[in-house]
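In the numbering used here, the protein residues as written are 1401 to 1620. Let me begin by presenting the structure, written as C-alpha cells, before commenting on it.
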Amino acid sequence: MSSAATMQKWIDGHAFPGVWTLDESNSANFLRGPQDAVVVAADPDTKDRNQQAWLELERAFANETLAERFRFGILDGAYWASTLSNWGIHQYDLPRVIVFKGNEPDLYWEDADELRVGSLAQGLDLILTGRLEPRNRRDNVVLNRLANNLYYPVRHFVSQSSLHLIGSLLTLLVLLLVVTRCIYETCGLIFIDDNGADTEEQIEKIRAIAAAERRKKKQQ
C-alpha cells in the first residue's frame, strides 16, 4: 500500500476524534467511514439526561478498544424526531442509542434493552463480540414500523406513571362489571318471561280439563 493511501486511511479512521455534536453540516460524513458510528439521540431540554449521554460517550471514547472501532456523536433527538422514527426511535423515549455500520449503510444496531445510554460501553462490547446482531433496514420495513408505532407508545404510557395504569385497569374492571350485570339482568328477564309463559299454559290446560269434567257431569 502506498504512503498516500496509508495516510488517507489513517485520516479517514481519525476524522472524528472525541465526541461530536452532529447536525446537517457533518452528519453525512460522520456516518460514512471505516469506523462504525455510535449516535446518541438526546433531548436538549432534559439537561440531566443530556449530560449523562455526554459522559457515557466520553467514557466509551476513553476505552482504546472502543475508540479504535467506533466514532461517537450526539444529536438533537427533538430536531431529528421525524427521521429517527423511521428507525423505531421516538422523542418521548430519549435518550436512545443507534449504531450505524460504516461501510454498510443498510446495517445498524438498535436495542432498547441491550444498547442503552446508561451502559453504553457494555452494549458496544456486545457488538464487538458478535453477541448483538446487526439489523438490516430493508428487512420487513413496513412490519417493523407498524410494530414500533404500536409498541413504543404503549410502553411509554405504562412507564410514565403506575397511577395511570392502575386507573385504566380500574376503569376496565368497572366496565366489565357493568356489562356482566346487564347481561345477567337481561338473561333473568328472559328466563322469567319463559317461565311465566309456561305457567299460563299449564293453567289454561287445567281450566280446559275442569270445564270438560263439568260438561260430562251435566250430561249425566
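Cβ coordinates follow ideal geometry from the N, Cα and C atoms, glycine included. Note that the structure is predicted; figures quoted are calculated from it, not measured.
Three or more C-beta pairs below 8 Å linking the segment 1491 to 1504 and the segment 1424 to 1441: Yes, since at least three Cβ pairs between the segment 1491 to 1504 and the segment 1424 to 1441 fall closer than 8 Å, the two stretches touch.
Only counting the same chain, and skipping five residues up and downstream in sequence, which positions put a Cβ closer than 6 Å to that of residue 1473? Excluding residues within five positions, the ones whose Cβ falls inside 6 Å are 1420, 1422, 1430 and 1439.
For residue 1477, which residues from the same chain have a beta carbon less than 8 Å from its beta carbon, with the 5 sequence-adjacent residues on both sides left out? Correct list, in chain order: 1441, 1442, 1443, 1484, 1489, 1491, 1494, 1495 and 1496.
Presumed contact (8 Å Cβ cut-off) between residue 1467 and residue 1517, rounded CB distance: About 18 Å separates the two Cβ atoms, so there is no contact after all.
What is the rounded straight-line gap between the Cα of residue 1522 and the Cα of residue 1515? Straight-line spacing of the CA atoms in residue 1522 and residue 1515 works out to 8 Å.
Would you mind reading off the limits of the alpha helix (DSSP H) that contains residue 1483? Residue range 1481 to 1485 is occupied by the alpha helix (DSSP H) that includes residue 1483.
Starting from the Cα of residue 1460, find the closest Cα among 1520, 1451, 1527 and 1432 and give me that residue. Taking only the C-alpha atoms, the option nearest residue 1460 is 1520.
Looking at C-alpha atoms only, which residue of 1475, 1432, 1505 and 1528 is the closest neighbour of residue 1445? Nearest of 1475, 1432, 1505 and 1528 to residue 1445, Cα basis: 1475.
Quick one: what does DSSP say residue 1525 is sitting in, helix, strand or coil? Here residue 1525 sits in helix by DSSP.
Quick test of your reading: residue 1506 and residue 1536, contact by CB under 8 Å. State the CB separation rounded to the nearest angstrom. Indeed they touch by this definition, with Cβ atoms about 5 Å apart.
If you draw a straight line from the alpha carbon of residue 1480 to that of residue 1469, how long is it in whole angstroms? Each residue's alpha carbon lies about 25 Å from the other.
If I follow the unbroken beta strand (DSSP E) through residue 1421, where does it start and stop? Counting along the chain, the beta strand (DSSP E) containing residue 1421 begins and ends at 1419 to 1421.
Could you pull the DSSP bridge partners for residue 1459 from this structure? Answer is none; residue 1459 lacks a bridge partner.
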